[in-house]
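Chains as they are written, first to last, in our numbering: chain L, 1 to 260; chain H, 1001 to 1262.
Beta carbons: idealized from backbone N, C-alpha and C, even for Gly.
Keep in mind it's a predicted model, so treat the numbers as computed, not measured.
Data block below; observations after.
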């Protein structure tokens, strides 16, 4: 039971039982946050695509073709910024020297309009940070992952799906919180089963949806009701088998580190 | 397949006249005045869209004149794309002045203009007025050109709390222009500062401000929905989406859609 009793700044480093790797995660995070070495943190990209920023998007291994090329907004910004030698605009076009001409129906002359400054964009450069870093840990930008399902048999073998806090529907369509969309048509489209993580008692519960066509099984049992899940339990849905791997549990929960 | 597919669709909205005009001229070809034709494929060329103003006859004449003259002049001139765009804009402006000189009753007519050069290096544009030029890429839409109406000014006032969002949206000044092609000197013009390289699947949309009935996310959604079906399907879908809103004072709306086939 290694204790971190003599950490120099020892303010937050609570002694945590270290018999499992998950148990020491909090320590590891806190220690990393107190590093005196300069750390480089990549500046967040200016506008993450807010439209599709659902947590469901970060499903497993076939990474959505998100090439490192410019997004629409970035490409637009680039085309609007001048290269080293700006284009000469013809004088006659740029000049606004006809103040005495009465305005036409829809045209107003710009004298009373102050041009709005183009808003300064977030700097694209990496921000150099030194010394101790305050690491944000109280705002989740997406649903926190509490575990994983890993496909160990059938279509999609080797892939994984995150399990999120709260209730997760498991089904074939991508609308499910845990989509098993690898092509197994023996899995119901919507909610073949539910997987629930309860952060108050830190337990995982697997609940089959009895209204669906195909029977699901957990470790060769065919439950008719909720069953608590243990690490490495194997769930069979249709012709697909997934193994369950928890991230949260008795040793760790997000509430421990999201200081709020 | 050739790299660019283009198509046009338009609606008169709630008006009984159409003051928008749009056309595409392939490199080395004839300018095509498009109303709602099917898609065409080209290796490059110039696209232009104009939203006329100044009453029934004037507005339509101005936008048509501007489009025709712009494409003709763009084809005549040589040099860099931007030079050709600016030369074409000047020629278009001069043509409007000429028409007004011929018939002084037309004084006050004018037009917005977006001129876009498509080529292997990407696209470049010149724009005067409030007709938006959009880039659609991977589900997102970005506005490329500068809006020369008072709308940005009103939006700034909203941000400062001087106006509510609703007031700003309804404000008639929203459609007043700080700059337009009227035959006089052009007060403001927006020119691309460097070519924007296109990727396969990108859509470039030249539109008249009647498209403002849809906000940018709606436009993105519509394009996304039809992105696989090509420029003609996207153009019609945008116009149908505008018509579906049934805005009582819907302005003319025209879109010229160009897809980078790649």
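Query: Leaving out the 5 sequence neighbours to the left and right, which residues in its chain are closer than 7 Å to residue 140 of chain L when beta-carbon positions are compared?; Result: none
Query: Return the chain-ordered ranges of every alpha helix (DSSP H) run that is complete within the region 1038-1085 of chain H and spans a minimum of 4 residues.; Result: 1055-1076
Query: Measuring CB to CB, does residue 1009 of chain H end up less than 8 Å from residue 1213 of chain H?; Result: no
Query: Verify the CB distance criterion: does residue 1048 of chain H have a CB-CB separation below 8 Å to chain L?; Result: no
Query: Residue 1216 of chain H versus chain L: which residues are under 7 Å apart at the beta carbon?; Result: Under the 7 Å cutoff, chain L gives no residues; its nearest Cβ is about 10 Å from residue 1216 of chain H.
Query: For chain H, find out if any of its Cβ atoms is closer than 8 Å to the Cβ of residue 174 of chain L; answer yes or no.; Result: no
Query: So, do the region 1038-1045 of chain H and the region 1080-1094 of chain H have three or more beta carbon pairs nearer to each other than 8 Å?; Result: no
Query: Going by DSSP, name the residue or residues bridged to residue 1125 of chain H.; Result: H:1116
Query: For residue 1084 of chain H, count neighbouring C-beta atoms within 10 Å of its own C-beta (all shown protein chains included) and say buried if the count is 16 or more, exposed if not.; Result: buried
Query: Taking C-beta pairs closer than 8 Å, name the residues in chain L that residue 1141 of chain H reaches, listed in chain order.; Result: 72
Query: Out of curiosity, what's the CA-to-CA distance linking residue 232 of chain L and residue 147 of chain L?; Result: 11 Å
Query: Does DSSP put residue 39 of chain L in a helix, in a strand, or in coil?; Result: Only weak support is given to the placement of residue 39 of chain L: the predicted model assigns it a pLDDT of 41, under 50, and the value that follows is read from those uncertain coordinates. If DSSP states are grouped into helix, strand and coil, residue 39 of chain L belongs with coil.
Query: Distance cutoff 8 Å, beta carbons only. Does residue 1036 of chain H sit that close to anything in chain L?; Result: Because residue 1036 of chain H sits at a pLDDT of 49, beneath the cut-off of 50, its placement in the model cannot be relied upon, and the following sentence gives the value as read from the coordinates. No, residue 1036 of chain H lies away from the interface with chain L (no Cβ there is under 8 Å from its Cβ).
Query: Under a three-way DSSP split, which group does residue 255 of chain L fall into?; Result: helix
Query: On the CB-based measure, 16 or more other CB atoms within 10 Å of its CB, does residue 250 of chain L come out buried or exposed?; Result: exposed
Query: Whose Cβ in chain L lies nearer than 7 Å to the Cβ of residue 1199 of chain H?; Result: 69
Query: What does a CB cutoff of less than 6 Å around residue 1256 of chain H pick up in its chain, not counting 5 residues either side in sequence?; Result: 1008, 1022, 1047, 1049 and 1206
Query: Would you please verify whether the beta carbon of residue 1135 of chain H is less than 8 Å from any beta carbon of chain L?; Result: yes
Query: Is the Cβ-Cβ distance between residue 173 of chain L and residue 189 of chain L less than 8 Å?; Result: yes
Query: Sorted by chain position, which residues of the same chain lie with C-beta nearer than 8 Å to residue 1133 of chain H's C-beta, five sequence neighbours on each side aside?; Result: 1114, 1116, 1125, 1127, 1143, 1144, 1145, 1204, 1205, 1206 and 1207
Query: At a CB-CB cut-off below 8 Å, which residues of chain L make contact with residue 1192 of chain H?; Result: 79 and 80
Query: For residue 186 of chain L, return the contacting residues in chain H, with the cut-off set at a CB-CB distance below 9 Å.; Result: Here the premise fails: no neighbours, minimum Cβ distance about 29 Å.
Query: Tell me which residues share the same chain as residue 214 of chain L and place their Cβ nearer than 6 Å to its Cβ, disregarding the 5 neighbours each side in the sequence.; Result: 186 and 238
Query: Taking three-plus beta-carbon pairs below 8 Å as touching, is the region 1091-1106 of chain H in contact with the region 1166-1177 of chain H?; Result: no
Query: For residue 228 of chain L, write down the residues that DSSP places opposite it in a beta bridge.; Result: L:205
Query: In or out: residue 219 of chain L buried (at least 16 other Cβ within 10 Å) or exposed?; Result: exposed
Query: Go to residue 1242 of chain H, then tell me how far its alpha helix (DSSP H) extends in each direction, as first and last residue.; Result: 1231-1245
Query: Report buried or exposed for residue 240 of chain L, applying the criterion of at least 16 other Cβ atoms within 10 angstroms of its Cβ.; Result: buried
Query: Tell me residue 1258 of chain H's beta-bridge partners as DSSP assigns them.; Result: H:1006 and H:1204
Query: Straight-line CA distance for residue 1105 of chain H to residue 1053 of chain H?; Result: 14 Å
Query: Quick check on residue 1138 of chain H - is its C-beta less than 8 Å from some C-beta in chain L?; Result: yes
Query: Quick check: what's the CA-CA separation for residue 1195 of chain H versus residue 1078 of chain H?; Result: 17 Å
Query: For residue 1188 of chain H, which of H:1130, H:1251 and H:1044 has the nearest alpha-carbon?; Result: H:1130
Query: Run through chain L and tell me which residues come within less than 8 Å of residue 1196 of chain H, C-beta to C-beta.; Result: 75, 76, 78 and 79
Query: Compute the Euclidean distance between the alpha carbons of residue 1242 of chain H and residue 1017 of chain H, then round it to the nearest angstrom.; Result: 17 Å
Query: Distance check for residue 176 of chain L and residue 1014 of chain H, CA to CA, integer angstroms please.; Result: 42 Å
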